[in-house]
Amino acid sequence: MKKVTVTAPGKLLLFGEHAVVHGKPCIVTSVNQRLQLKAEKINDKLFILEAPDVAISNYEKPLNKIGKGEIPKGAKFIELALANFLKKHRIEGGVKITTISQFKSTFGFGSSSASAVCLIKAVSELFSIKLSQKEFFNIAYKTVIDIQGVGSGFDLAAAIYGGTLYYVYPGKIIKPLKINKLPLIVGYTGIKADTATLVKAVNAKAKKYPKIFKSIFDDIELIVEDAIKALLKNDLEKLGELMNLNQGYLEAIGVGSDRLANLIYAARNAGAFGAKLSGAGGGDCMIAVASSRNIKAVKSAIKDAGGQVLEVVVNIEGVKRI
Ligand code: PMV
Numbered sequence: 129m130k131k132v133t134v135t136a137p138g139k140l141l142l143f144g145e146h147a148v149v150h151g152k153p154c155i156v157t158s159v160n161q162r163l164q165l166k167a168e169k170i171n172d173k174l175f176i177l178e179a180p181d182v183a184i185s186n187y188e189k190p191l192n193k194i195g196k197g198e199i200p201k202g203a204k205f206i207e208l209a210l211a212n213f214l215k216k217h218r219i220e221g222g223v224k225i226t227t228i229s230q231f232k233s234t235f236g237f238g239s240s241s242a243s244a245v246c247l248i249k250a251v252s253e254l255f256s257i258k259l260s261q262k263e264f265f266n267i268a269y270k271t272v273i274d275i276q277g278v279g280s281g282f283d284l285a286a287a288i289y290g291g292t293l294y295y296v297y298p299g300k301i302i303k304p305l306k307i308n309k310l311p312l313i314v315g316y317t318g319i320k321a322d323t324a325t326l327v328k329a330v331n332a333k334a335k336k337y338p339k340i341f342k343s344i345f346d347d348i349e350l351i352v353e354d355a356i357k358a359l360l361k362n363d364l365e366k367l368g369e370l371m372n373l374n375q376g377y378l379e380a381i382g383v384g385s386d387r388l389a390n391l392i393y394a395a396r397n398a399g400a401f402g403a404k405l406s407g408a409g410g411g412d413c414m415i416a417v418a419s420s421r422n423i424k425a426v427k428s429a430i431k432d433a434g435g436q437v438l439e440v441v442v443n444i445e446g447v448k449r450i
């Protein structure tokens, strides 16, 4: 086998962001915008990367140097994932990697994590290494921590397992939720969130107000538990109310923004059952749910408020070979 092509889905966090970093559960769903990666064996002991979506072209490094020295931002997750995989399985084969994304890396759909997941899947197939989903997750999670130092790994779980998941950090529980169709409305703020900075800011505040933050994270956990029931029953009205509750706590811990708030209120005022930010906050996307007769109005309101409506289908298949 000389060549393998795989794809992995992007993700959206439905409930429990930030609290998940503090040991609480979250709910994540995968989206139908996918990242594709092709891996080819090459004779030279080199790592070559073409990733036009993140401005990487003709990037080349000897295998014994990967993971070390200066690494351009767009190459980091793939290079480190490769370094971790090759080291763990004591493989020394050269590879050329090419990636293409169906979504912009600025949406917050988790393109970096999806690329690390695709890389591990592709090279494990290329070198005929059988990985359980948990071993797979562990290599991917090590890669994220090597690079960012923080992160719960929920996005890796979504890319690997697909579907909609109940997730406890760091992969302690990864439980698929058998949900029905979820007509999620997604509005992009146009601003890229800096996840690591926001996580660190929340950590700092949680240290300053430990009791208050403990109680907020406990309440978010209750919201997540109720949200699971609402998701399983397809009770969109309740899901919306729980989104509003979750959003209140996210504002309280300081990760809201005026742009997110504009889109969230626009959605609510146009008849959505509820709306909240999705992910780290500060920018990226907001999500909303509405009755089928209000969906159009909610989308128009988000556009009128300056947001970009992203048409996504959620609850999609995880990483796979194509
Ligand atoms: O910004 P995103 O979509 O990667 O989500 C971050 C979610 C956090 O809970 C804030 C961090 C994490 O790794 O779980």
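Counting from 129, one number per residue, gives the positions in the sequence shown under the working numbering. Cβ coordinates follow ideal geometry from the N, Cα and C atoms, glycine included. Given the structure is predicted, the values throughout are model-derived calculations rather than measurements.
Give the range of the alpha helix (DSSP H) segment to which F175 is assigned. Looking at the DSSP string, F175 is not in any alpha helix (DSSP H); the run it does join, the beta strand (DSSP E), is L174 to A179.
Short of 6 Å in beta carbon distance, which residues of its chain neighbour K189, apart from the five on each side in sequence? Order them along the chain. Only F175 meet the Cβ criterion.
Can you have a look at N362 and say buried or exposed, based on whether 16 or more other CB atoms are within 10 angstroms of its CB? exposed
For G221, does the count of other Cβ atoms within 10 angstroms reach 16, so buried, or fall short, so exposed? exposed
Thinking V156 and L293 are a contact (beta carbons under 8 Å), I'd like their distance in whole angstroms, please. 5 Å
Compute the minimum distance between the beta carbon of L457 and the heavy atoms of the ligand PMV, and state whether it is under 7 Å. In the structure as shown, the chain starts at 129 and stops at 450, and residue 457 therefore has no counterpart that could be examined.
Going by the beta-carbon positions, is the gap between V352 and G195 smaller than 8 Å? Here V352 is not near G195, since their CB atoms are 8 Å or more apart.
Please go through the stretch 405 to 434 and give each complete beta strand (DSSP E) segment of 3 or more residues, from N-terminal end onward. 413 to 417
Leaving out five residues on either side along the sequence, give the residues of the same chain with a beta carbon under 8 Å from the beta carbon of S406. L140, L141, L142, E145, G236, V314, D412, C413, M414 and I415
Less than 8 Å separating the beta-carbons of V383 and V278? V278 sits away from V383, with the two beta carbons spaced by 8 Å or more.
Given this structure, state the Cα-to-Cα distance separating Q164 from S243, to the nearest angstrom. 8 Å
When you compare the stretch 322 to 331 with the stretch 415 to 426, are there three or more beta-carbon pairs, one atom per stretch, that lie closer than 8 Å? no
How would you call E365, buried or exposed, if buried means at least 16 neighbouring beta carbons within 10 angstroms? exposed
For T292, name the three-state secondary structure that DSSP assigns. strand
Using 7 Å as the cut-off, classify the Cβ of G384 as near or not near the heavy atoms of the ligand PMV, replying yes or no. no
Does the beta-carbon distance from V132 to L254 come in below 8 Å? yes
Beta-carbon gap between G409 and L326 smaller than 8 Å: yes
Measure the C-alpha to C-alpha separation of I170 and T317 and round it to an integer number of angstroms. Between I170 and T317, the C-alpha separation is close to 41 Å.
Quick one: grab the DSSP three-state call for V182. helix
What does the Cβ neighbour count give for G151, buried or exposed, with the cut at 16 atoms within 10 Å? By the neighbour-count rule (16 or more Cβ atoms within 10 Å), G151 is not buried but exposed.
Which runs of the alpha helix (DSSP H) spanning at least 4 residues fall entirely within the stretch 281 to 349, listed in chain order? 282 to 289 and 323 to 336
Short check: CB of Q161 to CB of V442, under 8 Å? no
On a CA-only basis, which of L191, A179 and N186 is nearest V173? Give me that one, please. In the sequence as displayed, the identity of residue 173 is Lys instead of Val. Among L191, A179 and N186, the Cα nearest to that of K173 belongs to L191.
So the candidates are F205, P338 and E168; which of them puts its Cα closest to the Cα of D478? Since the first and last residues shown for the chain are 129 and 450, residue 478 lies out of range.
Tell me where the beta strand (DSSP E) around L375 begins and ends. A small fix is needed here, since residue 375 is Gln in this sequence, not Leu. Note, Q375: premise wrong, no beta strand (DSSP E); alpha helix (DSSP H) at L364 to A380.
Excluding the 5 residues flanking G399 on each side, which residues of the same chain have their C-beta closer than 7 Å to its C-beta? A418, N422, A425 and V426
Is it buried or exposed, S185, if we count other Cβ atoms within 10 angstroms and call 16 or more buried? exposed
Does the distance from the CB of G202 to the CB of A179 come in under 8 Å? yes
Residues in its own chain within less than 6 Å of G238 by CB, not counting five upstream and five downstream? If we look at G238 and ignore the five residues flanking it on each side, its Cβ neighbours are G138, K139 and D283.
Continuous alpha helix (DSSP H) stretch holding A136: start and end: Per DSSP, A136 belongs to no alpha helix (DSSP H); it is in the beta strand (DSSP E), K131 to F143.
Using only the alpha-carbon positions, how far apart do T323 and F213 sit? 25 Å
Tell me, please, which residues DSSP counts as bridged to P190. L174
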